[in-house]
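Q: Numbering (the UniProt record's numbering), first residue to last: 1 to 161.
Heads up, the beta-carbon is just placed ideally off N, CA and C, and yes, glycines get one too.
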């Protein structure tokens, strides 16, 4: 049996295998990231909080709204998470000199350590994933991942902002 996929058709068994691989890989990435956290010096931070640290970034001081948009969560949800990260000494709030009501987010020394460790994990994961692939193969994978991202963006409700 063949199923309609995008502009063409794909064998049902192939579609099922790809779906199984996507599901397994997603679960494995989350499992390995959580295990790495539990066995590291950063036992007090959740994987969601690590992803917030990653979105806050070492290289720019973003507002809460910018980070919430990037993580696709509500500003209220992010504010709660930031409060926890400030208490745990991963994140700091930086008030503007011009307007004290205007707050940006930055990483503490500890936050920068988590950021670098997480970045290193993802860099190694991508290097392993892309190993022995040529540019054409990588372009095909990138296109497939962009298609998946577009589907997920369309399929998921947007949080109230």
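1. From what residue to what residue does the beta strand (DSSP E) around residue 9 run?
2. Could you give the residue range of the beta strand (DSSP E) that holds residue 171?
3. What does residue 106 pair with, by DSSP beta-bridge criteria?
4. Going by beta-carbon coordinates alone, are residue 61 and residue 93 separated by less than 7 Å?
5. If you check the beta carbons only, do residue 75 and residue 64 fall under 7 Å apart?
6. What is the DSSP secondary structure of residue 48, reduced to helix, strand or coil?
7. Going by beta-carbon coordinates alone, are residue 90 and residue 111 separated by less than 7 Å?
8. Assign residue 98 to one of two classes, buried (16 or more other C-beta atoms within 10 Å of its C-beta) or exposed (fewer than that).
9. What does a CB cutoff of less than 8 Å around residue 108 pick up in its chain, not counting 5 residues either side in sequence?
10. Within this structure, are the beta carbons of residue 34 and residue 85 separated by less than 7 Å?
11. What residue does the alpha helix (DSSP H) around residue 141 start on, and which one ends it?
A: In this structure, then:
1. Locating residue 9 in the chain shown gives position 9, counting from the first residue. Boundaries of the beta strand (DSSP E) around residue 9: 8-11.
2. Lying before the first or after the last residue shown, residue 171 is absent from the chain, which here runs from 1 to 161.
3. For the purposes of this step, residue 106 is identified with residue 106 of the chain shown, where counting begins at 1. Per DSSP, the beta bridge partners of residue 106 are 92.
4. Residue mapping note: residue 61 aligns to position 61 of the chain shown, counting from 1. Residue mapping note: residue 93 aligns to position 93 of the chain shown, counting from 1. Inclusion of residue 61 and residue 93 in the CB contact set at 7 Å is not warranted, their separation being larger than that value.
5. Counting from 1 along the chain shown, the entry for residue 75 is found at position 75. Counting from 1 along the chain shown, the entry for residue 64 is found at position 64. For residue 75 and residue 64, yes; Cβs fall inside 7 Å.
6. Position 48 of the chain shown, counted from the first residue, corresponds to residue 48. Note: residue 48 maps to helix in three-state DSSP.
7. As a position in the chain shown, residue 90 is number 90, starting the count at 1. As a position in the chain shown, residue 111 is number 111, starting the count at 1. In this structure, residue 111 lies closer than 7 Å to residue 90 by Cβ.
8. On the chain shown, position 98 is the one that residue 98 refers to. When all chains shown are included, residue 98 counts as exposed.
9. For the purposes of this step, residue 108 is identified with residue 108 of the chain shown, where counting begins at 1. Closer than 8 Å at Cβ, skipping near neighbours: 89, 90, 91 and 92.
10. The residue given as residue 34 occupies position 34 in the chain shown. The residue given as residue 85 occupies position 85 in the chain shown. Result no, Cβ atoms of residue 34 and residue 85 do not sit closer than 7 Å.
11. Your numbering for residue 141 matches position 141 in the chain shown. Note, residue 141: alpha helix (DSSP H), 135-155.
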